[in-house]
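Undergrad: Note that the numbering used here has the sequence shown beginning at 113, numbered continuously upward. Idealized CB from N, CA, C, for every residue including glycine. Model, not experiment: these values are computed from the prediction. Have a look at this one.
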Amino acid sequence: MISRKVAKALSFSLHLFPFATLRLCVRHFLAQRARLIDKAPIPNTQNHPMRCLVIYDIPNDRLRNKVADICLDYGLDRIQFSAFLGSLSRNHQEELMLKVEQRMDDNPGNIQLIPICAKDWGERMTYEVEADEETSDEEETA
């Protein structure tokens with residue numbers, strides 16, 4: 113969208129210059145604007161921590177425990193039996209996946225690391241009901 117000031121200047125120049133000159137002025141203005149946009153700094157997200165979800169399905173108990181230990185070593189929190197959540201930089205994400213791949217070798221399993229941006233994290237929906245201590249004690253004695 114062209115600002116009012118620019119539109120006013122362009123309409124004024126329409127009376128003074130032929131149409132072809134006006135077209136060149138508009139092209140020049142748009143080209144300058146595009147150059148300014150191109151020069152805007154691009155944020156470096158390489159080392160900024162991003163929330164990550166690590167989920168896995170590994171049939172071998174020993175390997176499953178090793179992968180869980182690797183996730184805990186990187187500061188991830190266990191949110192379910194086979195799911196961890198935490199903030200990792202892109203470098204740490206790649207490093208974690210390399211360690212997991214090395215540990216898994218050629219054994220069957222499915223490990224996924226899913227980065228979650230702040231916008232999507234803010235839109236998450238959760239439902240959680242924690243067991244009462246009295247209820248869990250009664251179930252154990254029954």
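1) Which whole runs of the beta strand (DSSP E) in the region 164-246 are 3 residues long or more, in chain order?
2) For R215, I'd like the list of residues in its chain whose CB is within less than 6 angstroms of its CB, leaving aside the five on either flank, ordered along the chain.
3) Output the distance between the C-alpha atoms of I154 and M162, rounded to the nearest integer angstrom.
4) Apart from the five residues just before and just after P81, which ones in its own chain have a Cβ nearer than 8 angstroms to its Cβ?
5) Measure the alpha-carbon distance for F193 versus D181 and round it to whole angstroms.
6) Would you tell me roughly how many angstroms separate the C-alpha atoms of L62 and Y186, rounded to the nearest one?
7) To the nearest angstrom, how far is the alpha carbon of D232 from that of D244?
8) Comparing C-alpha positions only, which one of I223, E242, C229 sits nearest to L210?
9) Please report the straight-line C-alpha distance between I226 and E246, rounded to a whole angstrom.
10) For S199, collect the residues of the same chain with a Cβ closer than 6 angstroms to its Cβ; drop the 5 residues on either side in sequence, then sort them by chain order.
TA: In this structure, then:
1) 189-192, 195-200, 222-228
2) K178
3) Unreliable placement is indicated for I154, whose pLDDT of 49 sits below 50; no coordinate value is reported for it.
4) This structure gives no information on residue 81, because the portion of the chain shown stretches from 113 to 254.
5) 13 angstroms
6) Past the boundaries of the shown model lies residue 62; the chain is included only from 113 to 254, so the question cannot be answered.
7) 31 angstroms
8) I223
9) 37 angstroms
10) P161, R163
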